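Protein chains in written order, with the numbering used here: chain A, 17 to 386; chain B, 521 to 846; chain C, 3 to 378.
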Amino acid sequence: MTFGRTLAIARKEALQLRRDPRSLTLGFLIPPFLIVFFGYAITFDVDDIRLAVWDADRTQASARLVDAFVASGYFRVVDRLERYPDATEALQSGDALAVLAIPRGYARDLAAGPSPVQLLVDGSDANTATIAIEYAQGIASAHSRRVTLAERDARPTLVPDSRAWYNPSLDSRNMVVPGLVAVIISILAALLTALTIAREWERGTMEQLVSTPVTRLEIVAGKLAPYLAIGLFDVLLAVGIGTLLFDVPFRGSLLLLLAMTSVFLLAALGFGMFLSAALKSQVLATQFAIVATYLPALLLSGFIFAIANMPRVLQLATYLFPARYYVTVTKAIFLKGVGIEVLWPQALLLSALASLAIAATVAVFRKEVA
Amino acid sequence: MADAAASAPPFAEGGEAVIVADGLTRRFGDFVAVDDLSFAVEAGEILGFLGPNGAGKTTAIRMLIGSLPPTSGTARVAGHDVAVEPYAVRRAIGYMSQLFSLYGDLTVRENLDLFAGLYDLSGERRSGRIRWALANAELEGREEQLTAMLPLGLKQRLALGSAILHEPAVLFLDEPTSGVDPAARRAFWELISDLAAGGTTILVSTHYMEEAEHCHRVALMNRGRLIAIDAPSALKASLERPILEVRTSDPSRAAAILDGLEELEDATMFGRTVHVVVSDEAVARERIAAALEREGVELGEVRRVRPTLEDVFVSLVRKSGGVVAG
Amino acid sequence: MRGPSPRHVAEMVRKERRQLLRDPRTRLIMFVAPVLQLLMFGYAVNTDIRDTATFVVDHDASASSRRLVEAFTTTGRFEVVGRSSRSADIPSALDRGSAVVAIEIPAGFAADLAASRPARVQIIVDGTHSNTATVALGYATRVVQAFGREQGRAGGDARVALRGIDLRSRAWFNPGLESRVYNVPAVIGIVVLLMCLLLTALAVAREREIGTLEQLMVTPLTPAELMLGKTIPVAIVGMIDLVLVTAVAVLWFDVPLRGSVLALLVAALIYILAGLSLGLLISTVSRSQQEAFMTMFLFILPAVILGGFLFPVETMPAPFRWLSVLDPVRHFLHVVRAIFLKGEGIAGLWPQYVGLLAMAICALAFSVLRFRKTVV
Numbered sequence: 017m018t019f020g021r022t023l024a025i026a027r028k029e030a031l032q033l034r035r036d037p038r039s040l041t042l043g044f045l046i047p048p049f050l051i052v053f054f055g056y057a058i059t060f061d062v063d064d065i066r067l068a069v070w071d072a073d074r075t076q077a078s079a080r081l082v083d084a085f086v087a088s089g090y091f092r093v094v095d096r097l098e099r100y101p102d103a104t105e106a107l108q109s110g111d112a113l114a115v116l117a118i119p120r121g122y123a124r125d126l127a128a129g130p131s132p133v134q135l136l137v138d139g140s141d142a143n144t145a146t147i148a149i150e151y152a153q154g155i156a157s158a159h160s161r162r163v164t165l166a167e168r169d170a171r172p173t174l175v176p177d178s179r180a181w182y183n184p185s186l187d188s189r190n191m192v193v194p195g196l197v198a199v200i201i202s203i204l205a206a207l208l209t210a211l212t213i214a215r216e217w218e219r220g221t222m223e224q225l226v227s228t229p230v231t232r233l234e235i236v237a238g239k240l241a242p243y244l245a246i247g248l249f250d251v252l253l254a255v256g257i258g259t260l261l262f263d264v265p266f267r268g269s270l271l272l273l274l275a276m277t278s279v280f281l282l283a284a285l286g287f288g289m290f291l292s293a294a295l296k297s298q299v300l301a302t303q304f305a306i307v308a309t310y311l312p313a314l315l316l317s318g319f320i321f322a323i324a325n326m327p328r329v330l331q332l333a334t335y336l337f338p339a340r341y342y343v344t345v346t347k348a349i350f351l352k353g354v355g356i357e358v359l360w361p362q363a364l365l366l367s368a369l370a371s372l373a374i375a376a377t378v379a380v381f382r383k384e385v386a
Numbered sequence: 521m522a523d524a525a526a527s528a529p530p531f532a533e534g535g536e537a538v539i540v541a542d543g544l545t546r547r548f549g550d551f552v553a554v555d556d557l558s559f560a561v562e563a564g565e566i567l568g569f570l571g572p573n574g575a576g577k578t579t580a581i582r583m584l585i586g587s588l589p590p591t592s593g594t595a596r597v598a599g600h601d602v603a604v605e606p607y608a609v610r611r612a613i614g615y616m617s618q619l620f621s622l623y624g625d626l627t628v629r630e631n632l633d634l635f636a637g638l639y640d641l642s643g644e645r646r647s648g649r650i651r652w653a654l655a656n657a658e659l660e661g662r663e664e665q666l667t668a669m670l671p672l673g674l675k676q677r678l679a680l681g682s683a684i685l686h687e688p689a690v691l692f693l694d695e696p697t698s699g700v701d702p703a704a705r706r707a708f709w710e711l712i713s714d715l716a717a718g719g720t721t722i723l724v725s726t727h728y729m730e731e732a733e734h735c736h737r738v739a740l741m742n743r744g745r746l747i748a749i750d751a752p753s754a755l756k757a758s759l760e761r762p763i764l765e766v767r768t769s770d771p772s773r774a775a776a777i778l779d780g781l782e783e784l785e786d787a788t789m790f791g792r793t794v795h796v797v798v799s800d801e802a803v804a805r806e807r808i809a810a811a812l813e814r815e816g817v818e819l820g821e822v823r824r825v826r827p828t829l830e831d832v833f834v835s836l837v838r839k840s841g842g843v844v845a846g
Numbered sequence: 003m004r005g006p007s008p009r010h011v012a013e014m015v016r017k018e019r020r021q022l023l024r025d026p027r028t029r030l031i032m033f034v035a036p037v038l039q040l041l042m043f044g045y046a047v048n049t050d051i052r053d054t055a056t057f058v059v060d061h062d063a064s065a066s067s068r069r070l071v072e073a074f075t076t077t078g079r080f081e082v083v084g085r086s087s088r089s090a091d092i093p094s095a096l097d098r099g100s101a102v103v104a105i106e107i108p109a110g111f112a113a114d115l116a117a118s119r120p121a122r123v124q125i126i127v128d129g130t131h132s133n134t135a136t137v138a139l140g141y142a143t144r145v146v147q148a149f150g151r152e153q154g155r156a157g158g159d160a161r162v163a164l165r166g167i168d169l170r171s172r173a174w175f176n177p178g179l180e181s182r183v184y185n186v187p188a189v190i191g192i193v194v195l196l197m198c199l200l201l202t203a204l205a206v207a208r209e210r211e212i213g214t215l216e217q218l219m220v221t222p223l224t225p226a227e228l229m230l231g232k233t234i235p236v237a238i239v240g241m242i243d244l245v246l247v248t249a250v251a252v253l254w255f256d257v258p259l260r261g262s263v264l265a266l267l268v269a270a271l272i273y274i275l276a277g278l279s280l281g282l283l284i285s286t287v288s289r290s291q292q293e294a295f296m297t298m299f300l301f302i303l304p305a306v307i308l309g310g311f312l313f314p315v316e317t318m319p320a321p322f323r324w325l326s327v328l329d330p331v332r333h334f335l336h337v338v339r340a341i342f343l344k345g346e347g348i349a350g351l352w353p354q355y356v357g358l359l360a361m362a363i364c365a366l367a368f369s370v371l372r373f374r375k376t377v378v
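Written out as structure tokens, the structure reads:
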């Protein structure tokens, strides 16, 4: 492998990119655009739960309980139900996500002992429903403390002192933005290179290229170089957008992020190039690249769904997707501020994947030309 | 080819020519690809579009078959205005482009099936025409092969076969022989002549000057303009000055030296030789010898040759003050 | 303009079918990939908080503190992955991500409880995943409160502990609050859409690039016939895929299908038509396969995210909610989730059906028009 020939391929690739405004747009503008777009669009924060109220007690005490729900800021009363069975309709139609049912005798029971109140939740979206229930439990227990405290005696004997590290306000944006950077770059990386080799075979320029003294590895390395530069540029831009526009903390080292990004990009770009070299058809390379990157980057990377929750076999499978490591890396460097002493396993495995992808590309390549 | 002859009308209704271009112009931004092109082709005639790459031949053909709308001007094919009745035109024409444009991932038979269906052939006629196309491309017994695996010459013949499955009255061929070996090219032109003899009107573009000799008339195009249209013999006859073929040790330097020399009209590289158009043969021979000796170029044989279409082309372009494109 | 000729359409359908089925790699993409994807992602799309990795630092090491830790683990929500007696081990466990929750029990915990002095327990969660953190914090808080009440009762003051509101929550449509039941039907929608786009978005662009499109367009084939010929085979593949992945969802993942199968099939057909019309539209407006590919890339991610697959549409800011009305994914996910979980029928979901149908028709009509204008 000579540096000069690799450089010649890289220069050719960069020149073609420069003359191809669409590829350039895809590489440079789309990732920041998507990060801004989704940064605003995506929030996990459940804070406007549509609540329907059935209050059969109609006392001051029951009204205060409803007020407590509204005052929490998490619930908004959208409907007052006349009859208990109306709850079915409210949930079925989706007009309300939850129904608070206060039975007759609520105020009376409150003084005597436990006073039953019911919260009916549309459980379809388990995630939102779970959070809604959590909020309601919190509101109810705080409210009962307030009510019973008037009687002086109920000082709780055990107080949990809870805090969330790395993201004390539990703001979902702090979680979404670093993860999003990783997901978008992962998808983009494979797509950028998936066409490069197949296109040259389809257009016949590859035969020309392989008839020169250039080696397979030089072609692969030369083709990777410009995309690596684009990817690094995108990540820098994403860090800027995340910290300046979305106020996401950046606690780790930028240098470490760039180093990890380079290794990650080699793995992801290398995978795209492998598909391109192995399939030699733009249509097929596209199809395989999209199937192998899109949903895995979203669903198997730990971006939204915790890998620890998956069955063992699937957990093992996630190790095949570079996105998995990179989501961990971005979150850790943005939010936790940890260094290589924690991230070395990711660095090691990403390097292994990158070498594997490049070696596989060179291998399938050689077979085709012989 | 008897059945082709039977279905091809000798003339479109009212004795109108089969292909009529009237002021056809196409611009791409500032670039004028075809500029005010007007001509007519009669039934059973083979018209050759001749010109270098970029002369506007393909653009002109694409406007005539209706796949590219003209910026201005009109085209009528087989009695129908291409812009107004595109489907009537499509039913009447066959088209084969310089790109191989059958499906490589379909077999020979599947490709023929497809085009027979799209041209609404059915029953006996359909199977008969498919048999004919297979025989014509000498592909009997290879019907189940993937088209992508065929050698280029066979692909080309299969493409031609599927373009004329429906025995069109008019056939457009855009550089049909590019990349094909001479023997296959000869066979191809025999088929074209047979079709024309059967009454099919054919417009064929080429940049092989010698192929133009097979055409009844030739339209010379350069830089989007039609610079002459006539029978090949008439075109050659129009060039009344003698042409000297000069053999030298270094034809490209010789051409540069001789071009623009007094008494010589123009000098052009012509393969390994230089063709010089002169007014007085005897004077010219002396001047050529003198000029080349002065510049140290070794002079071989100088002989008078019959003008070729390329000579005509070059001379016409020069006369109109233009440059050969491409 | 005459209507499409059934012969021409049939001829194109036959050609497309042959091309689609010829290459084993394409068959793999069409029939194996969707099932494989659903099998993998069906397991992945799980936000349930179960066996959360928990790190315990117990400075008290008493019977009470051990019982508190047990109270955590018996809920099934928490799993102790590490123990230590030094506070300094908590940051390293959370930094490395080996634990998501840490419980620190101070020295003197048992003594405080016995003396009815207020005792404190510290709970720390890794907030990088805000969602999991919120829910885990809630669970942990309630475990500690319940433990405290129990201790109080054991101390004899039962009356006080029993006072107040007893909030009982019940989740309808999905009583176990399993996130999979909600997410798997959505994965069906996404996988099928992906398939439609993969098979159509490059279809016209590819023929344009290799020159076969021009050859087709000089035959009497009309743009509408061409589009129908490209649509019908992919629609059939899409429907086969839908049936396959629905079977996996119902039989393998035990997702309840409460509504009518017919309503699901009708919705799927319209949705598939919308998806592949959009694919064809992408293909017609692109001059090369590469362009088509990039346009598809730009389309899929927003379509998936604005569709409410991973994040509820309701929590998005208003402009994004309005934009999502144009997203077929959003309507289809609404429909499949309602059919699967709530047992809704076409009657209750007609606005979604009409919206999807309108999108399918507009996209197909626009691609035919657009195609006619640019011809080749």
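In this text, a Cβ means the ideal position worked out from N, Cα and C, and glycines have one as well. Please read all numbers here as calculations on a predicted model, not as lab measurements.
query: Helix, strand or coil for Phe321 (chain A), going by three-state DSSP, please let me know.; result: coil
query: For chain B, check one thing: does any of its Cβ atoms lie closer than 8 Å to the Cβ of Leu223 (chain C)?; result: yes
query: To the nearest angstrom, report how far apart Gly673 (chain B) and Glu211 (chain C) are at their CA atoms.; result: 22 Å
query: Considering only residues of the region 687-737 of chain B, which uninterrupted beta strand (DSSP E) runs meet the minimum length of 3 residues and lie entirely inside it, listed in chain order?; result: 690-694 and 721-726
query: Among the residues of its own chain, which have a CB less than 6 Å from the CB of Leu164 (chain C), if the five just before and after it don't count?; result: Since pLDDT at Leu164 (chain C) reaches only 48, below the 50 mark, its modelled position is unreliable, and the value read off the structure follows with that caveat. Around Leu164 (chain C): no qualifying Cβ.
query: Met14 (chain C) versus chain A: which residues are under 7 Å apart at the beta carbon?; result: By Cβ distance, chain A contributes nothing, its closest Cβ being about 18 Å from Met14 (chain C), past 7 Å.
query: Going by DSSP, which residues form a beta bridge with Asp786 (chain B)?; result: B:Val797
query: Counting along the chain, where does the beta strand (DSSP E) carrying Ala209 (chain C) start and finish?; result: The sequence given here places Glu at residue 209 (chain C); Ala does not occur at that position. Premise fails: Glu209 (chain C) lies in the alpha helix (DSSP H), Ala205 to Ile212, not in any beta strand (DSSP E).
query: What does Ala86 (chain A) touch in chain C if you count any residue whose Cβ is under 9 Å from its own?; result: It is Val, not Ala, that sits at residue 86 (chain A) in the sequence shown. Those do not exist, as Val86 (chain A) stays about 16 Å from chain C at its closest Cβ, beyond 9 Å.
query: Mind checking which residues open and close the beta strand (DSSP E) that includes Arg823 (chain B)?; result: Leu819 to Val825
query: Using only the alpha-carbon positions, how far apart do His131 (chain C) and Met191 (chain A) sit?; result: 6 Å
query: Residues of chain B with CB under 7 Å from Met219 (chain C), in chain order?; result: Ser587
query: Over the uninterrupted alpha helix (DSSP H) stretch that includes Gln665 (chain B), give me the two end residues.; result: Element bounds for Gln665 (chain B): n/a, residue is neither H nor E.
query: Pull the bridge partners of Leu557 (chain B) from the DSSP assignment, please.; result: B:Leu544
query: Could you tell me whether the Cβ of Asp800 (chain B) comes closer than 8 Å to any Cβ of chain C?; result: no
query: Measuring CB to CB, does Ala774 (chain B) end up less than 8 Å from Val794 (chain B)?; result: yes
query: Should the region 221-237 of chain C be called in touch with the region 304-313 of chain C, which here means at least 3 C-beta pairs below 8 Å?; result: no
query: Can you check whether the C-beta of Tyr639 (chain B) is within less than 8 Å of a C-beta belonging to chain C?; result: yes
query: So what does DSSP say about Leu328 (chain C), is it helix, strand or coil?; result: coil
query: Whose Cβ in chain A lies nearer than 8 Å to the Cβ of Pro177 (chain C)?; result: Gly139
query: For Val338 (chain C) versus Gly191 (chain C), is the C-beta spacing smaller than 8 Å?; result: yes
query: By the 10 Å Cβ neighbour count, where 16 or more other Cβ atoms means buried, how is Gln354 (chain C) classified, buried or exposed?; result: buried
query: Apart from the five residues on each side of it in sequence, which residues of its chain come closer than 7 Å, Cβ to Cβ, to Ser7 (chain C)?; result: Glu227
query: Contact between the region 54-64 of chain C and the region 82-101 of chain C: three or more CB pairs below 8 Å?; result: yes
query: Within the same chain, show all residues whose beta-carbon is closer than 6 Å to that of Glu216 (chain A), passing over the 5 residues directly before and after it, in chain order.; result: Met222
query: What do you get for Gln153 (chain A), buried or exposed, if any count of 16 or more other CB atoms within 10 angstroms of its CB means buried?; result: buried
query: According to the Cβ coordinates, are Pro108 (chain C) and Asp62 (chain C) closer than 8 Å?; result: yes
query: Could you check how far apart the C-beta atoms of Pro48 (chain A) and Ala198 (chain A) are, in whole angstroms? I think they sit under 8 Å.; result: About 14 Å; that fails the 8 Å criterion.
query: Of all the alpha helix (DSSP H) runs that stay within the bounds of the region 219-267 of chain A, which reach a length of 4 or more residues?; result: 221-226 and 232-256
query: Once DSSP output is grouped into helix, strand and coil, what is the label at Val15 (chain C)?; result: helix
query: Terminal residues of the continuous alpha helix (DSSP H) containing Thr77 (chain C)?; result: Premise fails: Thr77 (chain C) is in no alpha helix (DSSP H) and is neither H nor E.
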